[in-house]
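Counting from 1, position 222 in the sequence shown corresponds to residue 404 in this note's numbering; the numbering is continuous, with no gaps.
Yeah, the Cβ is synthetic: ideal placement off N, Cα and C, and Gly gets one too.
Bear in mind that the values here come from a model prediction, so they are computed numbers and not experimental data.
The structure appears below as structure tokens.
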Amino acid sequence: MNNTISKRPPTRLLLSLLQRSRCVLAIATVTCIFNGVSSVLLITLINRALIAPSDEHTRLGWSFSVIAVLALICRVLGGVMFSKLSQGTMAKMREHISARVAHAPLRQIEMLGAARAQSIVTEDATNVSLLFFALPNIVIQGSIVLGCLSYLAWLSWPVFFMAIAAVIIGSIGYSFGGHQALASLRAAGKAQDRLFSHFNALFAGAKELKLHHSRTKIFLTDTLGSEIEAVRHHRTRAFGVFAFGIGWILFLFYVFLGLVVFSPSEILDQEPTALAGYVIVFLFMLMPLDSLLNNIPTLNTARVSLSRIEQVLFELDEQAHIGSPIVDGYFAEGRSLHLTALTHSYYREKEDAFFQLGPINLTIHRGEITFLIGGNGSGKTTLAKLLVGLYKPESGAITVDNKVVIDCNRADYRQLFSVIFSDFHLFETLVGFDVSDPMLNARANDLISKLHLDHKVHIENGHFSTRDLSQGQRKRLALVVAYLEDRPFYLFDEWAADQDPQFKAVFYQELLPELAARGKAVLAITHDDRFFHLADRCLKLENGQLVK
């Protein structure tokens with residue numbers, strides 16, 4: 183498995199995403215450093231002008247003008263390039279996360295959940311991108327602070343050591359609250375995941391909420407409101423700690439300034455003119471220092487978000503073999519599919535126990551119609567996911583004409599199936615097809631007409647004219663996509679459950695026999711007992727076991 187990126191620490195993850203932009207990053211960093219150095223040079227010129235003879239002011243003024251223009255150019259160039267890096271890195275991070283989700287095993291995706299995935303690709307990815315908006319200021323202000331400290335060291339070592347002492351003491355005090363702030367940011371991230379889940383429920387359950395006033399009130403105040411409050415509380419606490427730490431460091435610098443200005447005879451044996459120069463340098467350094475410290479919360483927020491993204495990527499094992507069109511007909515000519523002693527278990531929260539499916543022994547032949555029946559919770563959908571290769575069995579084997587399905591070919595094995603699950607998703611376009619092919623559009627519209635939907639929807643350049651349809655009508659559109667895929671094995675999970683009686687008859691009496699006549703293997707999970715006689719076989723699943 184290829185986890186070389188996901189198992190790296192957050193900083194390494196960020197660096198790996200920046201590899202393709204390392205030249206832009208280097209140029210942006212250098213320009214920002216030049217801006218900081220230029221700013222320090224400006225203050226040194228001001229100091230020199232204060233004590234220089236008047237005949238040198240013209241030369242110093244020209245030098246000041248040239249350096250000021252260079253500082254402006256470097257500042258603008260660095261800011262633009264860091265903005266480009268910000269959006270580029272966020273885009274690459276979202277692409278990387280999306281690819282990992284798409285290639286991870288289905289079971290891991292189900293355990294991750296849509297809310298948590300949405301949280302990291304929106305909020306956390308944005309927090310990381312904000313780091314790049316802060317980086318120009320961090321580099322520039324850091325360069326100014328370091329340059330000013332270096333200039334103080336050149337002017338007076340005692341003054342320099344006093345400034346360094348203030349920095350060290352302030353950093354120690356700041357670090358005491360840093361761990362607590364990071365813990366609060368992590369707690370806010372977890373609350374944010376739950377908040378996204380509740381936001382999804384707000385839309386998915388809109389009908390139920392509008393039909394029940396007390397449910398709406400409790401959901402908004404207790405369920406949704408409590409998580410909104412939790413996010414607010416944890417983040418307010420974290421940024422409050424950061425604010426206190428920043429204030430502490432700045433207070434120590436004020437103490438340092440007071441010692442330099444008000445106790446010169448006792449501490450520093452310096453002339454008033456020299457002390458004035460120190461004060462100018464210090465005051466010039468104070469604003470960049472304040473800006474630098476105020477960017478620390480952004481750095482720490484990005485750090486926590488990177489850790490959260492890293493954790494999700496670590497949990498998603500990217501499959502070494504990513505599915506591609508079947509080459510050389512390895513599975514394409516398979517006439518039959520065999521399940522031998524297949525088992526799978528999973529936790530059922532309602533029963534607080536593990537459910538065991540199997541061992542399942544089953545053979546499916548092309549050209550046959552098989553019905554799978556059984557009560558709710560008997561394991562029908564789980565068996566379907568095992569059958570089509572979405573779940574990896576815990577034991578047993580799947581073979582296609584004696585060719586065993588294993589990890590390295592499981593993705594190709596899945597390409598044998600066209601499936602419509604009960605919780606299917608209908609994309610806006612015919613994704614995966616050559617939508618520019620006029621024959622494809624014509625065939626798709628013919629199928630839509632055959633399924634009695636031509637008065638509602640049509641396809642143009644691979645796009646559905648609308649998806650604003652009933653659930654039953656949307657399932658018919660999904661059937662159009664399945665027909666166009668033209669694969670050897672078809673699986674329908676309660677497909678006819680949302681259809682009217684007339685179209686149920688069309689599905690069972692016309693569409694399924696037509697697929698079988700074309701040499702397709704058809705497996706339909708169904709409860710429509712009045713059509714059971716149309717199947718070549720009718721299998722029953724009870725408590726995870728196939729019974730005759």
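Under the rule that 16 or more other beta-carbon atoms within 10 Å means buried, what is residue i, buried or exposed?
i	result
Trp677	buried
Thr240	exposed
Asp710	buried
Thr552	buried
Glu492	buried
Ser379	buried
Val248	exposed
Leu635	buried
Ser325	buried
Val729	exposed
Arg700	exposed
Phe171	Given a span of 183 to 730 for the chain in the structure shown, any question on residue 171 remains unanswerable.
Tyr665	buried
Pro318	buried
Inspect the beta-carbon positions of residue i and residue j and report whether they are closer than 8 Å.
i	j	result
Glu409	Arg376	yes
Val283	Gly371	no
Ile555	Cys720	yes
Val219	Gly329	yes
Glu667	Ser618	no
Leu521	Leu544	yes
Leu267	Thr213	no
Pro541	Ala523	yes
Glu610	Arg656	no
Leu294	Glu497	yes
Gly644	Leu693	no
Met272	Ala307	yes
If you drop the 5 nearest sequence neighbours on each side, which residues of the same chain put their C-beta closer than 7 Å to that of residue i?
i	result
Ala345	Leu331, Leu334 and Phe438
Tyr356	Gly427, Trp430 and Ile431
Thr480	Leu312, Leu313 and Ala316
Arg320	In the sequence on display, residue 320 carries Ile and not Arg. Around Ile320: Leu474 and Asn477.
His526	Leu539, Gly540, Thr564, Leu568, Tyr573, Pro575 and Glu576
Ala210	Gly260, Met263, Phe264 and Leu267
Val570	Arg596, Phe599, Val601 and Leu673
Val327	Met467, Pro470, Leu471 and Leu474
Arg230	Leu242
Arg490	Ile302, Asp306 and Gly371
Between which two residues does the beta strand (DSSP E) harbouring residue i extend?
i	result
Pro695	Looking at the DSSP string, Pro695 is not in any beta strand (DSSP E); the run it does join, the alpha helix (DSSP H), is Leu694 to Ala699.
Arg669	From DSSP, Arg669 is part of no beta strand (DSSP E); its letter is neither H nor E.
Cys205	Run containing Cys205: none in the beta strand (DSSP E); it sits in the alpha helix (DSSP H), Arg204 to Ile233.
Gly578	Ser577 to Val582
Val617	Note, Val617: premise wrong, no beta strand (DSSP E); not H, not E.
Ala717	Where Ala717 is concerned, there is no enclosing beta strand (DSSP E), given that its DSSP letter is neither H nor E.
Taking 6 Å as the limit between beta carbons, can you name the residues of its chain near residue i, skipping five residues before and five after?
i	result
Leu252	Ser220
Ala660	Ile602, Phe606 and Leu608
Phe433	none
Asp416	In the sequence under discussion, the amino acid at residue 416 is His, which differs from the Asp named in the question. Excluding sequence neighbours, His416 sits near Ser366, Ala369 and Ala370.
Asn185	The predicted model places Asn185 with a pLDDT of 41, which falls under 50 and marks its position as unreliable; any figure quoted below should be read in that light. So the list is empty, once near-sequence residues are dropped.
Val582	Phe513, Gly516 and Leu519
Ala706	Phe553 and Phe674
Ala484	Asn309, Val310 and Leu313
Is DSSP giving residue i helix, strand or coil here?
i	result
Ser396	helix
Val602	A small correction: the amino acid at residue 602 is Ile; Val does not occupy that position in the sequence shown. Three-state result, Ile602: strand.
His634	coil
Arg548	coil
Glu497	helix
Val704	strand
Ile588	coil
Leu475	helix
Tyr333	helix
Ser518	strand
Gln727	strand
Arg625	helix
Tyr595	helix
Arg530	strand
Thr648	coil
Leaving out five residues before and five after residue i in sequence, what residues of the same chain have Cβ atoms less than 8 Å from its Cβ?
i	result
Val423	Gly359, Gly360, Gln362, Ala363 and Ser366
Gln691	Phe713 and Leu716
Leu397	Per the sequence presented here, residue 397 reads as Arg, with Leu not at that position. Same-chain partners within the cutoff: Glu390 and Leu391.
Glu550	Ala698, Ala703, Val704, Asp718 and Arg719
What first and last residue would you give for the alpha helix (DSSP H) that runs through residue i?
i	result
His239	His239 to His285
Leu364	Trp339 to Ala386
Val688	Pro683 to Val688
Ala297	Ala296 to Ser301
Thr563	Lys562 to Leu569
Taking CB distances under 8 Å as the criterion, tell me whether residue i reaches chain D.
i	result
Leu328	Of the chains in the structure shown, none is chain D; there is only one protein chain.
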